[in-house]
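*Asks:*
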Amino acid sequence: MKKVFLSAIVLFVTVVVFAQSEKFTAAMKKNLTALDTSFKNPADLLIVANNFERVATAEKNQWLPYYYAALCQVNYGFLEQNKEKIDGYADKATTLISKADSLSPNNSEISCVKSMIASCHMMVDPMQRWQEYGQESSSNMEAAMQQDPANPRPYFLKGQGLKYTPDQFGGGCTTAKPQLQIALEKFATFKPSSEISPNWGKERVEMLIKECK
Amino acid sequence: MKGLLLSILFFSILNVNGQISITGHISNNRNKFLYGVSITLKNTYDGATTDSLGNYSFTTTEKGDQILEVTITGYNLATQKIVIGSASLVQNIILKEQITELKAVIISAGAFEASDKNKGAVLNSLDIVTTPSANGDVTSAFKSLPGTQQVGESEGLFVRGGTATESKIYMDGNLVNNFFYSSTPGIATRGRFNPFLFKGTVFSTGGYSALYGQALSSALILESTDLPEKTEADLSVSVVGIGGGIQHLAKNKKSSWGISYNYTNLWLAFNVIKQKQDYFRVPLAQQTDANFRIKRKNGGFLKYYGYVSGNKVGFRNPDIDSVALKNAFVLQNLNTYQNINWKDRIGNGWKINTGISFSTNRDDITNELQNDENNKVSISNPAFYSFKNFSLQNVARYAQARMVLEKKIKGLSVVRLGGDYFYSNEKTTYILFDGTKYAEKVTDNLVAGFAETDIYLTNNLAAKLGTRLEHSAIINKWNIAPRISLAYKLAEKSQASFAYGIFYQNPERKLLPGVAGIDYSKATHYIFQYTMQTKDHTLRTELFYKKYDNLYKTVPNFTGKEIAANNNGYGNAKGIEFFWRDKKTIKNVDYWISYSYLDTKRDFLNYPFAIQPSFAATHTVAFVFKRFVLPWKTGFNFSYNFATGRPYYNFTYDNTQSKYIIGDQGKTINYNNVSFSINYLPNLGKKDATVFAVWVLGINNVLGQNQVYSYNYNNDGSRKEAVTPPAKRFIFIGCFLSFGIDRTQDAINNNL
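Chains as they are written, first to last, in numbering that gives the first Met the number 0: chain Z, 0 to 212; chain L, 0 to 751.
Structure below.
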């Protein structure tokens, strides 16, 4: 009886722990699906951001929900039309990504989001801010390339940035396309380490290359 | 055991079926529904985000005592204890707005601030160098803002009916005593400092903080830059000289050092552009500076800046009292300035900002009466001629120590406490035509203590209350100067402010040593301001009244020099000013317009009674227009300054009444100045360029309009002569090169 009791306890604990991580993965997957569709309706990005943040604060030691919450916030910042509100979203993203960073230091994906946050700040007033944020953005982009050479996303960000830079400043399709091609090659071989790990950007790269034809 | 397993099973079933819904709406304390608010059941995944009507709804399987957390940027976190039973819950929550720097009203009456933090950037270093009328001179650029006069015959900022000596300039909190090159008769000298030394500027035209004193009219507060972005060398070649420097950034990006050297020689420029004066010593200056900056943990900084410069100039002007004679003036100057500043957090929410500065200045001036062959002549009849041959030596030493402690009390509210100590030692030796020496020394020890608090009552209402206490050894009395500013936010983009303050100042050096028993001169400011500000537009209007009391009246001492005799002078200034800047309406164009109306009268120095001073114009307008044409990589800048004519006077001493009277007076013609400059950046956006070049062409007074600043009178007042600029136009051509990686490309390439 004692044995049965003990194994029941073990079973119970295992079930609970398993259920817990099952619950985490399930919640993450659900939110990732929502993230995928949110680009159709940008207002949903905030909802998804809050969902990820909720998971992050409940879990406390998982970097992924913080990472995704930050990604949603910064993307929302890019879409915000009112320039005076952009800094608020970028700051929120910074708070979230710093937590992800402390849980998973030197992470290439996290560096990508940091680079995006700096670009987002810069977008508010490029003339005044490029000195500070331009450098921050490119140094994080370079860090991301070094931290994981297989990661296609820093090349995607670089290519995307060049695509939207005026020709006079050395941007445009001619300089953007080689970077986007590198990104595309890396996407072909890139394997996310789990089903909830970052794996976004490929469609966007294909679209940008198509636009450059 | 079965019971236990069963109960686990039962519990799980209950969980699955026992979903409780929680709904409600979230609003702020002004009854506005909030969108995008996150509602979370603490430590669970359950929650929702409000829609555009502030509604939320979610279901949960949690039971019992729980905490609902409500968060959104800009509001204080709200928590609500709830008990989840079997019925659905409705929770409506009201959030309280956070007092944040972004949203809060800015205490701004009287001040034009430009810094990274303040979105209301008015003039930054780039603005200074691209304002054509300023010719790259820091303070000249501020003459395109309201409240300032277009005075061209002497340097400095003449603000709201005040003299240039009523405006003080600070660098990282420390007073800069000789901000300008030493005065030469009838020609405004430039500031000594490069505009790119500063990352932020606060130009206060009145009602400024208790942290600053000894300026009746205005304070220009300059904050030096932090670390450079990268290691870089630069070189400049222009019609006025050459210069070079290096800024080295440490690998860990925690510290930097830099040195630079500039050689100025106006030989070429003066040969091409004919000057009114006959230069026998073409202006020649050498200047070198050094700096280091160390970034501390928590964003603190230790900064040093040191500067040494020497210059020499000599020119002849026709003597106003005779047809054939000339006055030959020679000035030689040596100036040093050292400033060390430490800014840091020192724990318990306290911040420290402390610094010391030392400076020395030496002027050797001679004036000679010369004949046609440029030989010295001595004439002793009439007697006043003999005084035209003299030499003057000024040797000055200054030191300052300053400390400000700041503590955040609640939200944005802060208290600041601190003190200043100023030491000055100025020796003057005046040698008359016959070799008679008059030496005098003026030493002052000035101590000041101040306390100030910024109180944010709400996001919409803030007050700055301060007091400054000063004691100067020269006056040997304490003064107490209260300062008050209030700011009220009327709408999201607009606010109204009020400022009141009392300001004291010692007599300027040239009036010292004065008659014993003189007191501080005093100004009282009242300022009302309305500002509407968005990221791309600024509209500002100010109404002010300034009352002057105890201004210095002068009497000639035995050498004929005017010295401070009593405090019977007085005056006032009132006016209205408008400022409009628009960076958006016209694509790629940034323009601003300033208008100032000034009504002022004062009785001071040797004025016979209260009159409009000769440095004050009634109407002043400045218009600056800048456009960058990207495909041409070229910026075009245009400025127009206008001022109505200023009065001029000849005061003569009436022996029968034993006082000064107005012998003659008049009004100058209106002042017009159209200036233009072009900046060409050929390497902009060029891949792999190792040199980044900026070509500059600037023309001051393009149309060559007549400009008359004032009139000089001869000894008996029978003849007057216009004081005009040394040349109709000035043309500047220069090339500035920086070596290093061109960050412009990096930044723009990667991120736009």
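All C-beta atoms, glycine included, are put in the ideal place defined by N, C-alpha and C.
Please read all numbers here as calculations on a predicted model, not as lab measurements.
In three-state terms, what does DSSP make of L/Gly119?
*Replies:* Legend: pLDDT at L/Gly119 = 41, less than 50; position of this residue unreliable, value from coordinates given subsequently. Per DSSP, reduced to three states, the secondary structure at L/Gly119 is coil, with no helix or strand assignment.
*Asks:* Following the continuous beta strand (DSSP E) through L/Thr540, name the residue where it begins and the one where it ends.
*Replies:* His536 to Pro555
*Asks:* Once the 5 residues before and after L/Thr643 are set aside, which same chain residues still bring their CB inside 7 Å of it?
*Replies:* Ala616, Thr617, His618 and Asn669
*Asks:* Given that L/Lys666 touches chain Z, what residues does it touch there, using C-beta distances under 9 Å?
*Replies:* Here the premise fails: no neighbours, minimum Cβ distance about 42 Å.
*Asks:* Let me know the secondary structure DSSP gives Z/Lys212 once reduced to three states.
*Replies:* Correct three-state label for Z/Lys212: coil.
*Asks:* Nearest CA to the CA of L/Leu702: which residue from L/Leu680, L/Phe675 and L/Val690?
*Replies:* L/Phe675
*Asks:* In angstroms, rounded to a whole number, what distance separates the CA positions of L/Ala662 and L/Phe635?
*Replies:* Residue 662 of chain L is actually Gly in this sequence, not Ala. Rounded to the nearest angstrom, the two C-alpha atoms are 47 Å apart.
*Asks:* I think L/Ile351 touches L/Leu404, with their Cβ atoms under 8 Å apart; what is that distance to the nearest whole Å?
*Replies:* 6 Å
*Asks:* For a cutoff of 7 Å on Cβ pairs, would you count L/Asn326 as touching chain Z?
*Replies:* no
*Asks:* Taking 7 Å as the CB-CB limit, is Z/Asn49 close to chain C?
*Replies:* Although the question refers to chain C, the structure presented lacks it and instead comprises the protein chains Z and L.
*Asks:* Under 7 Å between C-beta atoms, does L/Ser676 make it to chain Z?
*Replies:* no
*Asks:* If you scan the region 469-547 of chain L from start to end, which runs of the beta strand (DSSP E) of 3 or more residues do you find wholly inside it?
*Replies:* 476-488, 493-504 and 520-532
*Asks:* Would you mind telling me which residues of chain Z sit closer than 8 Å to L/Leu538, beta carbon to beta carbon, in chain order?
*Replies:* Correct list: empty, because the minimum Cβ distance to chain Z is about 16 Å.
*Asks:* Is the distance from the Cβ of L/Leu301 to the Cβ of L/Trp341 below 7 Å?
*Replies:* yes
*Asks:* Using 8 Å for Cβ pairs, my map puts L/Asn478 next to L/Tyr503. What's the rounded Cβ distance?
*Replies:* 5 Å
*Asks:* Quick check for students: name the residue ranges of the beta strand (DSSP E) that lie wholly in the region 207-280 of chain L, counting only runs of 3 or more.
*Replies:* 217-223, 231-237, 240-248 and 254-264
*Asks:* As a quick exercise: from L/Lys387, L/Gly574, L/Lys229 and L/Ile293, pick the residue whose alpha carbon is nearest that of L/Ala327.
*Replies:* L/Lys387
*Asks:* For chain L, find out if any of its Cβ atoms is closer than 7 Å to the Cβ of Z/Ile46; answer yes or no.
*Replies:* yes
*Asks:* Can you tell me whether L/Ile585 is helix, strand or coil according to DSSP?
*Replies:* coil
*Asks:* If you measure from the beta carbon of Z/Val54 to each beta carbon in chain L, is any gap under 7 Å?
*Replies:* yes
*Asks:* When you compare only the Cα positions, how much space is there between L/Ala289 and L/Phe357?
*Replies:* 15 Å
*Asks:* Spatial neighbours of L/Ile408 within its chain, please: CB distance less than 7 Å, with the 5 preceding and 5 following residues excluded, ordered by chain position.
*Replies:* Answer for L/Ile408: Val414, listed in chain order.
*Asks:* What residue range does the beta strand (DSSP E) around Z/Gly87 cover?
*Replies:* Not the beta strand (DSSP E): Z/Gly87 falls in the alpha helix (DSSP H), residues Lys82 to Leu102.
*Asks:* Which complete beta strand (DSSP E) runs does the region 269-333 of chain L hold, if anything under 3 residues is left out?
*Replies:* 277-294 and 300-317
*Asks:* If you follow the alpha helix (DSSP H) that Z/Phe155 is part of, which residue opens it and which one closes it?
*Replies:* Counted as a single uninterrupted DSSP element, the alpha helix (DSSP H) harbouring Z/Phe155 occupies residues Arg152 to Lys162.
*Asks:* Report the option in L/Lys476, L/Leu196, L/Gly570 and L/Lys488 whose CA atom is closest to the CA atom of L/Gln611.
*Replies:* L/Gly570
*Asks:* Roughly how many angstroms lie between the CA atoms of L/Asn27 and L/Leu52, to the nearest whole one?
*Replies:* 12 Å
*Asks:* Let's see if you can read the secondary structure: which residues bound the beta strand (DSSP E) around L/Val150?
*Replies:* Taken as a continuous stretch (DSSP letters only), L/Val150 belongs to no beta strand (DSSP E), as it is neither H nor E.
*Asks:* Can the beta-carbon of L/Asn505 be found closer than 7 Å to that of L/Ala472?
*Replies:* no
*Asks:* Could one say the Cβ of L/Gly46 lies closer than 7 Å to chain Z's Cβ atoms, at least one of them?
*Replies:* Chain Z, which has a Cβ nearer than 7 Å to the Cβ of L/Gly46, makes this yes.
*Asks:* Classify L/Pro381 as buried or exposed, calling it buried when 16 or more other Cβ atoms lie within 10 Å of its own Cβ.
*Replies:* Only exposed fits L/Pro381, as fewer than 16 other CB atoms lie within 10 angstroms of its CB.
*Asks:* Could you tell me which chain Z residues have their CB closer than 7 Å to the CB of L/Ala228, listed as they occur along the chain?
*Replies:* Checking the displayed sequence, the identity of residue 228 of chain L turns out to be Glu instead of Ala. In chain order: Gln130 and Gln134.
*Asks:* Kindly indicate which three-state DSSP category L/Asp362 falls into: helix, strand or coil?
*Replies:* strand
*Asks:* Whose CA, out of L/Gly84, L/Ile245, L/Ser153 and L/Val175, lies closest to the CA of L/Ser235?
*Replies:* L/Ile245
*Asks:* So with CB distances below 7 Å, who are the chain L contacts of Z/Glu83?
*Replies:* Lys534
*Asks:* Return no unless some Cβ of chain L is closer than 7 Å to the Cβ of Z/Gly213.
*Replies:* Only positions 0 to 212 of chain Z appear in the structure, and residue 213 of chain Z is not among them; the question remains open.
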